[in-house]
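Novice: At the far end of the sequence shown sits residue 742, using this note's numbering, and the numbering has no gaps. Glycine included, each C-beta is placed from N, C-alpha and C at the ideal position.
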Amino acid sequence: MKKIFPLAILIIVTNSIFAQTNVRAWYADGQVWVVWEVSNPLPETYAVYAKPTVFNNTDNATLVGRLFKEEFGPAALREQVDSSATYRIPNGNGGIYQLEANEALFVATPHEAGTLFFAVVAWDEKNVTPGVNITPSAVPFQYNPANDPVECHLQKTFISPFNATYRCLAFYMWADGRQNQWENRPDFPVMANAAKNGMPSLFLVSVPMDLDTSQPFPLTVWLHGGGGTARQSLAGSRQDIHLNPKKGILLAHNDDLFCYLLTFYSGFESNSKHFGWRKNYDPFTGNPPTDVDTIVNYTQRRYIWIDQWLMRRFNIDPARINVNGHSMGSRGTTILAKTFPNHYATATVLNNGFQDDDPPSLTDVVYGPSALSFPTNLTGYDGQTIPFNKVMNLEFRLSMERDLPLIRSFHGKNDVVGGNEWDAYVVEQYRTTDSLGWGAQLYWSERSHGPDTGPDYDDHWINGNAATEQTVVDDVAYEEKTFRSDVSFPAFFNHRLDPQNNDPGDGTPGTGAAGVGDDWGTWGGYHRWDWDNITDQAGSWSAIAWLESEAVFDHDNCPNNFLTADMAIRRPQLFKPATGTTIYWRVRDFNTNQILQSGSTAVQDDDLTVIPQIKVFKQDLRKVRIEVSTQQVATWEPEKSTLEIRLSPNPSIGASMLSIYSDKEQQATLRISSVSGELYMVKKQLIPGENRIPLIEFGQLPPGFYFIEIETAMQRNTIRWVKN
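Okay, here's the thing in structure tokens:
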């Protein structure tokens with residue numbers, strides 16, 4: 019890899035090469051707009067200085083901003099929307115000013131009313147000439163966050179190039195950058211450090227032509243991968259994941275962290291990882307940090323503020339905001355969902371490695387060397403500061419909130435791309451997450467990194483690009499109609515303990531003969547519940563649940579008649595019994611009201627209600643109503659078992675005989691699983707009465723501890739067997 023430091027001489031310029039003239043500025047919409055004319059060749063950076071009185075040398079003024087040419091001109095807008103675009107800004111008189119092709123822009127955010135002269139020079143210039151590169155007079159500006167707040171500004175309206183039924187809006191906003199990240203305006207948080215003051219950021223909004231705006235509608239957020247752009251997530255793009263909102267709008271952010279390294283390395287990944295950067299990071303040098311620094315969530319603040327700005331101006335339902343991302347965007351999605359869990363209804367992450375890339379030396383300047391694990395400004399649930407290398411996984415909570423939104427993770431066993439790759443750490447995160455009771459739905463399959471049209475993403479959950487040939491659960495339209503942040507939900511977990519579920523293996527990449535474990539599977543991905551009919555009261559809670567069996571895409575349907583998992587009640591609104599409270603629960607057949615399961619338990623630490631080993635059936639067999647109460651209520655007998663299973667002798671030295679009593683003729687599957695995971699299975703047609711099956715039919719089993727399970731269409735029984 020090339021060394022960058024000798025290249026620093028390339029940015030040294032002289033006074034005569036780069037000209038900037040006709041500097042003027044005005045106040046509008048909570049900010050000061052500084053405009054000037056440029057001439058070619060453009061300098062790599064311009065600097066903006068200010069002072070209450072006129073000055074003729076930059077040494078006598080305060081540096082308020084420095085911009086790359088990609089920022090004083092709208093490079094992102096030109097690259098992604100219109101190659102001839104110029105900035106479109108308020109003119110200070112209630113109208114719009116469209117910059118000329120030879121004009122540049124810097125935007126300052128005041129924290130008090132006042133007047134300032136503004137001067138613009140190419141970096142390393144010092145001379146300021148009245149009538150040339152300084153405003154003719156001091157520019158007055160206001161400070162009125164309540165009545166004159168900072169705004170975003172529409173730049174362009176266009177039809178999506180991927181689907182003509184969507185109108186797209188391109189907006190810019192300009193960040194307030196300060197070293198004190200807590201020095202926020204009431205209407206506008208600090209979204210950059212001082213070195214990036216005035217940093218512009220592009221975001222794109224896709225709107226269905228027929229959107230019904232009379233009722234509150236959902237907002238879906240999409241974050242691009244490393245080296246990607248907001249344009250990748252316009253409506254109609256990436257047909258493998260169906261970015262086609264139907265009931266709401268789609269918001270695509272541009273990461274937009276330009277830096278010195280980008281100047282000299284074509285294609286270099288310059289970004290904030292949708293999170294932020296070091297407090298003392300200087301984007302205009304290649305100098306790595308010499309001391310431990312704090313990484314501040316500047317970008318997260320920007321994304322949340324833009325959501326709030328959109329909600330103030332459009333009829334967005336605040337309980338129906340969903341966030342999604344792929345690769346680097348999946349890490350950003352995970353961090354946002356954990357930092358602002360009450361803000362999002364659900365988070366969908368595609369190919370998240372749950373850790374940062376092992377960065378080359380060039381990227382150390384942005385986040386610090388990974389080995390030092392720089393701290394962030396975030397505080398975890400236990401009150402401890404979270405290090406940067408922990409923010410991207412699913413184990414560490416990044417706020418004081420107990421519950422997370424429903425997180426859905428899709429990964430590929432053929433992904434070998436950097437920190438996203440399928441490995442032992444990904445599998446460890448899946449197993450840990452499944453045990454923590456978040457209710458996360460975890461998927462894995464044969465996919466590579468993707469998502470792109472073609473074989474790279476042609477895996478178990480996709481299998482093609484037609485709507486009927488791929489999963490719908492990662493579609494924008496599915497999110498829009500399904501999830502809410504103001505409703506509690508049954509968080510099913512410990513799926514990996516059900517022997518019917520698949521297993522992802524040990525993290526060895528590859529599938530087929532090269533892989534370890536099952537090529538595809540999901541823990542929790544088949545579970546569904548009725549979001550509109552959850553009862554959440556002070557003394558009782560209930561939900562109607564089932565396993566998917568009526569999906570258009572067959573792979574979305576559960577292959578098992580029922581699955582067993584623990585269940586936690588997450589995001590309760592009113593049902594909040596204290597730790598140690600005895601609660602009573604039962605599971606009813608939704609149609610017949612028969613009680614299938616019942617019991618009592620105590621509320622766990624942290625006031626978390628957990629119900630053990632709930633059976634949920636395929637929708638075409640039966641839906642169940644799960645009822646939880648702080649009061650014991652009258653019950654009736656559970657549905658009589660149609661099966662009895664016995665084993666004699668047990669423990670045994672030699673062969674044992676399995677006796678199964680059935681009240682009718684039915685098909686059954688018998689499984690014997692060892693504690694080490696080996697599975698022996700046979701299918702049997704049971705007759706009414708006793709069915710005797712010698713265990714020798716399973717083969718010569720070595721001594722050990724086993725589970726013997728019998729499953730029919732409606733039931734599953736399990737006993738333990740010790741073979742001495």
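Where does the unbroken alpha helix (DSSP H) through Q447 begin, and where does it stop?
Specialist: The count along the sequence shown starts at 1 and reaches residue 447 at position 429. Looking at the DSSP string, the run of the alpha helix (DSSP H) that includes Q447 is 442-454.
Novice: Could you tell me the boundaries of the alpha helix (DSSP H) in which Y385 lies?
Specialist: Locating residue 385 in the sequence shown gives position 367, where the first residue counts as 1. Element bounds for Y385: 382-385.
Novice: Indicate whether S255 and F180 have their beta-carbon atoms separated by less than 7 Å.
Specialist: Numbered from 1 along the sequence shown, position 237 holds the residue referred to as residue 255. Numbered from 1 along the sequence shown, position 162 holds the residue referred to as residue 180. Yes, these two residues count as a Cβ contact at 7 Å.
Novice: Distance, Cα to Cα, S503 vs L454?
Specialist: Translated into positions along the sequence shown, residue 503 becomes position 485. Translated into positions along the sequence shown, residue 454 becomes position 436. In a straight line, the C-alpha of S503 is about 20 Å away from that of L454.
Novice: Taking the alpha-carbon positions, what's the G528 to Y115 distance?
Specialist: Against the sequence shown, residue 528 aligns to sequence position 510. Against the sequence shown, residue 115 aligns to sequence position 97. When rounded, the distance between both Cα atoms is 55 Å.
Novice: Quick check on the burial criterion: 16 or more other C-beta atoms within 10 angstroms. Buried or exposed for E655?
Specialist: Here residue 655 is taken as the residue at index 637 of the sequence shown, counted from 1. For E655, the pLDDT reaches just 42, beneath the cut-off of 50, and the residue's location in the model is therefore unreliable, although a value from the coordinates is still provided. With fewer than 16 Cβ atoms within 10 Å of its Cβ, E655 is classed as exposed.
Novice: On the three-state DSSP scale, how would you describe T183?
Specialist: As a working mapping, residue 183 is identified with position 165 in the sequence shown. T183: coil per DSSP, three-state reduction.
Novice: Between Y385, D554, A193, R415, which has its C-alpha nearest G48's C-alpha?
Specialist: As a first step, residue 48 is located in the sequence shown; it is residue number 30 there, counting from the start. Of Y385, D554, A193, R415, the residue nearest in Cα terms is A193.
Novice: I need the boundaries of the beta strand (DSSP E) containing G539, first residue and last residue.
Specialist: One-based indexing of the sequence shown puts residue 539 at position 521. Residues 539-541.
Novice: Whole angstroms are fine: how far does the CA of P207 sit from the CA of E201?
Specialist: Here the question's residue 201 lines up with position 183 in the sequence shown. Here the question's residue 207 lines up with position 189 in the sequence shown. Going from the Cα of E201 to the Cα of P207 covers about 8 Å.
Novice: From what residue to what residue does the alpha helix (DSSP H) around K87 run?
Specialist: Your numbering for residue 87 matches position 69 in the sequence shown. In the DSSP assignment, K87 falls within the alpha helix (DSSP H) that extends over 87-90.
Novice: Quick one: measure Cβ to Cβ for I324 and F221, integer angstroms, because I've assumed they're closer than 8 Å.
Specialist: Position 306 of the sequence shown, counting from 1, holds the residue named residue 324. Position 203 of the sequence shown, counting from 1, holds the residue named residue 221. The Cβ separation is near 6 Å, so the contact holds.
Novice: What are the boundary residues of the alpha helix (DSSP H) that Q326 is part of?
Specialist: As a first step, residue 326 is located in the sequence shown; it is residue number 308 there, counting from the start. Segment 316-331, the alpha helix (DSSP H) holding Q326.
Novice: Buried or exposed: which applies to R296, given that a residue is buried once 16 or more other Cβ atoms fall within 10 Å of its Cβ?
Specialist: Taking the first residue of the sequence shown as position 1, residue 296 is located at position 278. Buried, since its Cβ has 16 or more Cβ neighbours within 10 Å.
Novice: DSSP on G707, reduced to helix/strand/coil?
Specialist: For the purposes of this step, residue 707 is identified with residue 689 of the sequence shown, where counting begins at 1. The answer is strand: DSSP assigns G707 an E or B state.
Novice: So, helix, strand or coil for G436, using DSSP?
Specialist: One-based indexing of the sequence shown puts residue 436 at position 418. Here G436 sits in helix by DSSP.
Novice: Considering Y12, what are the terminal residues of the alpha helix (DSSP H) in which it resides?
Specialist: The displayed coordinates of the chain run from 19 to 742. Any statement about residue 12 would go beyond what the structure contains.
Novice: Suppose the cutoff is 6 Å on Cβ atoms and the five residues either side in sequence are ignored; what does the same chain contact list for S558 look like?
Specialist: Translated into positions along the sequence shown, residue 558 becomes position 540. Only S647 meet the Cβ criterion.
Novice: Pick out whichever of N411, M418, R331 has its Cα sitting closest to the Cα of Y448.
Specialist: The residue given as residue 448 occupies position 430 in the sequence shown. For Y448, the nearest C-alpha among the options comes from N411.
Novice: Could you say if the region 126-133 and the region 89-100 meet the contact criterion of at least three C-beta pairs nearer than 8 Å?
Specialist: Here the region 126-133 makes no contact with the region 89-100; the two share fewer than three CB pairs at distances below 8 Å.
Novice: Compute the distance between the beta-carbons of W547 and A531, then report whether it is under 7 Å.
Specialist: Taking the first residue of the sequence shown as 1, we reach residue 547 at position 529. Taking the first residue of the sequence shown as 1, we reach residue 531 at position 513. Not in contact: W547 and A531 (Cβ atoms no closer than 7 Å).
Novice: Helix, strand or coil: how does DSSP classify D205 here?
Specialist: In the sequence shown, residue 205 corresponds to position 187, counting from 1. Note: D205 maps to coil in three-state DSSP.
Novice: Compute the distance between the beta-carbons of L423 and A365, then report whether it is under 7 Å.
Specialist: By 1-based counting over the sequence shown, the position of residue 423 is 405. By 1-based counting over the sequence shown, the position of residue 365 is 347. A quick correction: the sequence has Pro, not Leu, at residue 423. Yes.
Novice: Are S224 and C186 touching if we call contact CB-CB under 7 Å?
Specialist: The residue you call residue 224 lines up with position 206 of the sequence shown. The residue you call residue 186 lines up with position 168 of the sequence shown. It is a contact, given that the beta carbons lie within the stated cut-off.
Novice: In chain order, what are the residue ranges of uninterrupted beta strand (DSSP E) at least 3 long that sit wholly in the region 517-563?
Specialist: 539-541, 545-547
Novice: Between the alpha carbons of N709 and E568, how many angstroms are there, rounded?
Specialist: Here residue 709 refers to the residue found at position 691 when the sequence shown is read from its first residue. Here residue 568 refers to the residue found at position 550 when the sequence shown is read from its first residue. Computed Cα separation, rounded: 34 Å.
Novice: Would I737 and I663 be called neighbours here (beta carbons separated by less than 7 Å)?
Specialist: As a working mapping, residue 737 is identified with position 719 in the sequence shown. As a working mapping, residue 663 is identified with position 645 in the sequence shown. Taking 7 Å as the cut-off, the Cβ atoms of I737 and I663 count as close.
Novice: Using beta-carbon positions only, say whether T486 and V383 come within less than 7 Å of one another.
Specialist: Looking up residue 486 in the sequence shown gives position 468. Looking up residue 383 in the sequence shown gives position 365. Not closer than 7 Å, so no.
Novice: Quick test of your reading: V314 and N198, contact by CB under 8 Å. State the CB separation rounded to the nearest angstrom.
Specialist: As a working mapping, residue 314 is identified with position 296 in the sequence shown. As a working mapping, residue 198 is identified with position 180 in the sequence shown. Actually they do not touch by this definition, with Cβ atoms about 10 Å apart.
Novice: Going by the CB atoms, is the gap between L581 and V634 shorter than 7 Å?
Specialist: Reading the sequence shown from its first residue, position 616 is the one you call residue 634. Reading the sequence shown from its first residue, position 563 is the one you call residue 581. A contact, by the Cβ cut-off of 7 Å.
Novice: Count the other CB atoms within 10 Å of the CB of A509; is the residue buried (16 or more) or exposed (fewer)?
Specialist: The count along the sequence shown starts at 1 and reaches residue 509 at position 491. Residue environment analysis places A509 among the buried positions, since at least 16 neighbouring C-beta atoms fall within 10 angstroms of its C-beta.
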